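Here is the structure we will look at, set down as structure tokens.
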Ligand SMILES: CC(=O)N[C@H]1[C@@H](OP(=O)(O)OP(=O)(O)OC[C@H]2O[C@@H](n3ccc(=O)[nH]c3=O)[C@H](O)[C@@H]2O)O[C@H](CO)[C@@H](O)[C@@H]1O[C@H](C)C(=O)N[C@@H](C)C(=O)N[C@H](CCC(=O)O)C(=O)O
Ligand SMILES: Nc1ncnc2c1ncn2[C@@H]1O[C@H](COP(=O)(O)OP(=O)(O)OP(=O)(O)O)[C@@H](O)[C@H]1O
Ligand SMILES: N[C@H](CCC[C@H](N)C(=O)O)C(=O)O
Ligand SMILES: [Mg+2]
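In the working numbering, the protein residues as written are 68 to 555.
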């Protein structure tokens, strides 16, 4: 609890409109969630403008507003240039700057965030640190799993959860930091100790417009590292030296850098990489020593994720020997290269590849060991980057023997028009359009030949499908299992 004047003093610049100084016991950005004595943030959204809900918020008990434009309402108003960033700062202070009491690791990049955060979490928790994890799948700590709408939640959701974690003695938090979150200020006010960059490739151009702007957004994580002047706490940037975007990120941060990679010289470097169907071996070179890693995880991209996680864990004080033991025990991450077990002469793999680069990586990995034909079942999300659609179809067409184009989460778009966009990337006739995803999975499985590998891509761990404004229960893995059991 605090009063409005004391709370808002921390803002770099603002106009205090009104004379009253109410006590604030809650901070909210959704009028429907407002309680008595709330400070309500009027967020200009993509769909509606939060300023239009100020009256509703006051009816529900809001006693002050943070606004970008002055409203004719008789409560104190804090006028700022950017409500979202002000909200990030104020909610961080409201909850007692909890992120500065936690060892915070933020992972950004186009692909590999969920996987890398899970690897880091496993290493830290094996090292007897009390951990929390936030990302695409959930927020999880102390045995509690909280569902999320976004990979990186809004600042006030994050700050509230960090405060809860501090209360429950969590020590380290590993979280995915999306480019949307960085651009929209969701992690402004979060004090990261370590920033990790996985890679940058095409996605989200609908939102960012160009790759340059998308890259700049990712860079914000590294630019904000160490900007709080607290010299007692070590800040480190963990960067993928093999990625084209490395040089830009290097210039965007002022903190020490740990590099990782395979092709270029790096602090954490993998060599002698041997990829098998059921795992990967490589030698890690670090600080003049060599360690042989034997992973259950497969694919070159998994080596990158392990290197990133190892460097972040090492920077967090975990010795390499512990890192190796933990990483070697990881069987996989839900929905990422998940093999669907079954006594069948063909193989089914479910993977969350929903970008051109991830699809290419996964298909190249499969090509490395497949003894039979490769089929891929793939769609693209509606209300998302349209320009990636033909690219993904073209990669599937090039690297697989047969492509089933089907719906992912069409959202508000016409499913067949998404598939039409995708079809532009296909050259020959080794494809079929089956709009209904369940039918596509069943058809592919019923037609599978000896040793064929079927990749069901795009939805991974998701247990739903969004068509129009309805969300249906849907799990690629369940449907595949059922089809494998019932194959005619
Ligand atoms: C484009 C985008 O980022 N949209 C996010 C945004 O929604 P919005 O701007 O449409 O919100 P809005 O509905 O216009 O509402 C504006 C304001 O009015 C308020 N309001 C609204 C109605 C009401 O009755 N009362 C009220 O007060 C809302 O609470 C809000 O404060 O703010 C919402 C609340 O935080 C987010 O959940 C929502 O994410 C949507 C679901 C989304 O799909 N975002 C994607 C693009 C995204 O952020 N993705 C990234 C990662 C992707 C990746 O990993 O590849 C992510 O981090 O999830
Ligand atoms: N380092 C990597 N490089 C390229 N592709 C990867 C890498 N790691 C994983 N992938 C591929 O990307 C898919 C998604 O991985 P993951 O969920 O870890 O990424 P993410 O960055 O969290 O994605 P999102 O943006 O949806 O949160 C995986 O299923 C796999 O196909
Ligand atoms: N975080 C990504 C996930 C995409 C997953 C895919 N299944 C889709 O729905 O497009 C996004 O929101 O763009
Ligand atoms: Mg993710």
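Ideal placement from N, C-alpha and C gives every residue a C-beta, glycine not left out. Just so we're clear, the structure is a prediction, and the values are computed from it rather than from any experiment.
Inspect the beta-carbon positions of residue i and residue j and report whether they are closer than 8 Å.
i           : j           : result
residue 127 : residue 101 : yes
residue 551 : residue 443 : no
residue 377 : residue 436 : no
residue 240 : residue 248 : no
residue 104 : residue 125 : no
residue 151 : residue 251 : yes
residue 215 : residue 205 : yes
residue 554 : residue 512 : yes
residue 202 : residue 243 : yes
residue 542 : residue 530 : yes
residue 370 : residue 321 : no
residue 516 : residue 409 : no
residue 265 : residue 402 : no
residue 223 : residue 158 : yes
residue 424 : residue 178 : yes
residue 347 : residue 364 : yes
residue 449 : residue 485 : yes
residue 422 : residue 366 : no
residue 407 : residue 544 : yes
Quick check on residue i: does DSSP put it in helix, strand or coil?
i           : result
residue 459 : helix
residue 306 : strand
residue 88  : coil
residue 377 : helix
residue 348 : strand
residue 186 : helix
residue 278 : helix
residue 354 : coil
residue 452 : coil
residue 170 : strand
residue 271 : coil
residue 506 : helix
residue 512 : helix
residue 320 : coil
residue 242 : strand
residue 429 : helix
residue 222 : helix
residue 339 : strand
Residue i and residue j look like a contact to me (Cβ under 8 Å); what is the Cβ gap, rounded to whole Å?
i           : j           : result
residue 77  : residue 160 : 5 Å
residue 451 : residue 273 : 6 Å
residue 169 : residue 229 : 6 Å
residue 167 : residue 258 : 4 Å
residue 389 : residue 194 : 5 Å
residue 118 : residue 134 : 6 Å
From residue i to residue j, what distance separates their C-alpha atoms?
i           : j           : result
residue 289 : residue 359 : 31 Å
residue 269 : residue 99  : 36 Å
residue 83  : residue 143 : 7 Å
residue 292 : residue 417 : 36 Å
residue 457 : residue 487 : 9 Å
residue 307 : residue 397 : 22 Å
residue 183 : residue 88  : 45 Å
residue 349 : residue 368 : 13 Å
residue 277 : residue 411 : 45 Å
residue 419 : residue 332 : 30 Å
residue 426 : residue 413 : 20 Å
residue 304 : residue 260 : 9 Å
residue 192 : residue 385 : 11 Å
residue 111 : residue 211 : 32 Å
residue 430 : residue 489 : 17 Å
residue 97  : residue 129 : 11 Å
residue 301 : residue 80  : 29 Å
residue 226 : residue 233 : 10 Å
residue 405 : residue 165 : 36 Å
residue 197 : residue 549 : 38 Å
residue 275 : residue 213 : 29 Å
Keeping to the same chain, check which residues put their C-beta closer than 7 Å to that of residue i; ignore five residues upstream and five downstream.
i           : result
residue 121 : 107, 109, 132, 138 and 140
residue 282 : 267, 312 and 315
residue 187 : 172, 241, 376, 379 and 380
residue 535 : 479
residue 245 : 218 and 219
residue 180 : 174, 202, 243 and 265
residue 527 : 402, 403, 417, 418 and 419
Report all residues from its chain with a CB closer than 6 Å to the CB of residue i; omit the five preceding and five following residues, and keep chain order.
i           : result
residue 497 : 469
Whose C-beta lies closer than 8 Å to the C-beta of residue i among residues of the same chain, with five residues either side of it excluded?
i           : result
residue 68  : 90, 91 and 92
residue 464 : 470, 492, 493, 494, 495, 497 and 498
residue 190 : 376, 377, 380, 385, 389, 390, 393 and 394
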